[in-house]
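When we follow our numbering, the leftmost residue of the sequence shown carries the number 323, and every step to the right adds one.
We put the CB at the ideal spot given by N, CA and C, even for glycine.
Bear in mind that the values here come from a model prediction, so they are computed numbers and not experimental data.
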Amino acid sequence: GARGDAHLTLKVYGPKNPLHSGHYGNWVPNPVMTLVKLLASMKDENGRVTIKDFYSDVIPLSAREKEALKNTPAVDKELKKIIGFAREDMSGKTLMESINLPSLNINGIESSNVGTIQANVIPVSATAVIDLRLVLGNDWKRQQQKVIDHITRQGFHVTDHEPTDEERNRYQKIVQVTRGVGDNAERTSMDLPIAKKVVAAVQQTTKGRVLQVPTLGGSLPLEDLVKVLNAKFLIVPIANFDNNQHAENENIKLKNFWEGIETLAAVMMAQL
């Protein structure tokens, strides 16, 4: 399977123009501080999302799928060294356990200038993009609404436009929320005959044991394909784990590329 994905853009407002922090600091609210406090309210110290009902509609893994997770190689300790961090975000969870739960990630925050062009100002606004990864049972629009409801409970006036002067003078905390489009997660049963046949076909092309997992961490637009074709799907990834996805120097090793051709050819030639 693959996770679903949805986004929200949050823009919090300060003064209508940048203000001198010496003249107005401690008096005019800083939108960056307001935004980071809001974002911090969404997760606890153990990495669990604190938004009401965030996990309530998750369809649990089957016994077979839980067993598959137990059989995955214990590589977390080695990966931590390679990636460069000491403590996992979701405390006590392995990587494979974590990606089988919905998540809330901050893609980035933008506000005033830093570095050589920084200035002693109170910025006019601060913007963050939230990335919601979904698992089976989550609906992407409903998951977005859970976040928006949480924002409202934190005392914000939620709007879909730039605030008017009237709104600025009426509400203490204003946030413009823009909904991005999304896709729901999909997951095919590992017990289906076709799943076993695909695994057998892949196994013919490698000496090592084929690793089977219920869900990959990334997202694919599979929901529409499932609805239109009324068909099941399986994912046969071939990329190297250190391929820098969504970052600089994204790559695929030639070894993975050539072996991937052989693997996919074996699947295509199998009697499914």
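CA nearest to the CA of G459, picked from L423, W580, V358: Closest by alpha carbon: L423.
Between the C-alpha atoms of T500 and K577, what's the straight-line distance to the nearest angstrom? Answer to the nearest angstrom: the Cα atoms are 42 Å apart.
Does the beta-carbon of A362 have 16 or more other beta-carbons within 10 angstroms, so that it is buried, or is it exposed? With a 10 Å radius around the Cβ and a threshold of 16 neighbouring Cβ atoms, A362 comes out exposed.
Going by DSSP, which residues form a beta bridge with T372? Answer is none; T372 lacks a bridge partner.
Cα-Cα separation, G336 to E545: Note on geometry: alpha-carbon atoms of G336 and E545 lie some 40 Å from one another.
Taking the beta carbon of L383 as the centre, do at least 16 other beta carbons fall within 10 Å, making it buried, or is it exposed? With 16 or more Cβ atoms within 10 Å of its Cβ, L383 is classed as buried.
I'd like to check one pair, A507 with V299: are the Cβ atoms closer than 7 Å? In the structure as shown, the chain begins at 323 and stops at 594. Residue 299 is therefore absent and cannot be evaluated.
Using CA coordinates, which residue listed in I428, V446, M418, P395 is at the minimum distance from H342? Among I428, V446, M418, P395, the Cα nearest to that of H342 belongs to V446.
Sub-7 Å separation of I574 and A561 beta-carbons: Yes.
Beta-carbon spacing of G477, V451 below 7 Å: Taking 7 Å as the Cβ cut-off, G477 and V451 do not qualify as a contacting pair.
Under the three-state reduction of DSSP, which class applies to I516: helix, strand or coil? Helix.
Answer yes or no: do G504 and W462 have a C-beta to C-beta separation smaller than 7 Å? Cβ distance < 7 Å, so G504 and W462 count as in contact.
Could you check where the beta strand (DSSP E) with H345 kicks off and where it finishes? Segment 343–346 is the alpha helix (DSSP H) holding H345; no beta strand (DSSP E) there.
Going by the CB atoms, is the gap between V334 and S433 shorter than 7 Å? Not in contact: S433 and V334 (Cβ atoms no closer than 7 Å).
Alpha carbon to alpha carbon, how far is A522 from P485? Give it in angstroms, no decimals. Whole-angstrom Cα-Cα distance: 59 Å.
C-alpha gap between D564 and V350, whole angstroms: D564 and V350: Cα-Cα distance of roughly 45 Å.
Spatial neighbours of I470 within its chain, please: C-beta separation below 8 Å, excluding the five flanking residues on both sides. The residues are L330, V480, V499.
Flag this pair as yes or no: are the beta carbons of M512 and R386 separated by less than 7 Å? Yes, the pair counts as a contact, with Cβ atoms nearer than the cut-off.
In three-state terms, what does DSSP make of S276? Nothing can be reported for residue 276: it is not among the residues displayed for the chain, which extend from 323 to 594.
Where E570 sits in the DSSP three-state scheme: Annotated three-state conformation of E570 is coil, per DSSP.
Taking only three categories from DSSP, how would you classify D327? In this structure, D327 counts as strand in the three-state DSSP scheme.
Could you give the distance in angstroms between the alpha-carbon of Q466 and the alpha-carbon of R370? Linking Q466 to R370 through their CA atoms gives a straight-line distance of about 17 Å.
Outcome for L594 when other beta-carbon atoms lying within 10 angstroms are tallied against a minimum of 16: With fewer than 16 Cβ atoms within 10 Å of its Cβ, L594 is classed as exposed.
Thinking just about the alpha-carbon of each residue, which of K392, N352, D366 is nearest to the one in V535? Of the candidates K392, N352, D366, K392 places its Cα closest to the Cα of V535.
Alpha-carbon to alpha-carbon, M591 and L357: Spanning the alpha carbons of L357 and M591 requires a straight line of approximately 54 Å.
In chain order, what residues of the same chain have a beta carbon less than 7 Å from the beta carbon of T474, not counting five sequence neighbours either side? The residues are V480.
Which runs of the beta strand (DSSP E) fall wholly inside the stretch 394–460 and span at least 3 residues, in chain order? Entirely contained in the stretch 394–460, the beta strand (DSSP E) runs reaching 3 residues are, in chain order, 425–432, 447–456.
Anyone know if the C-beta pair for G539 and I421 falls short of 7 Å? I421 sits close to G539, with the two beta carbons spaced by under 7 Å.
Let me check understanding here. Comparing Cα to Cα, which of I444, T416, A448 lies closest to V497? The shortest CA-to-CA distance from V497 to any of I444, T416, A448 is the one to A448.
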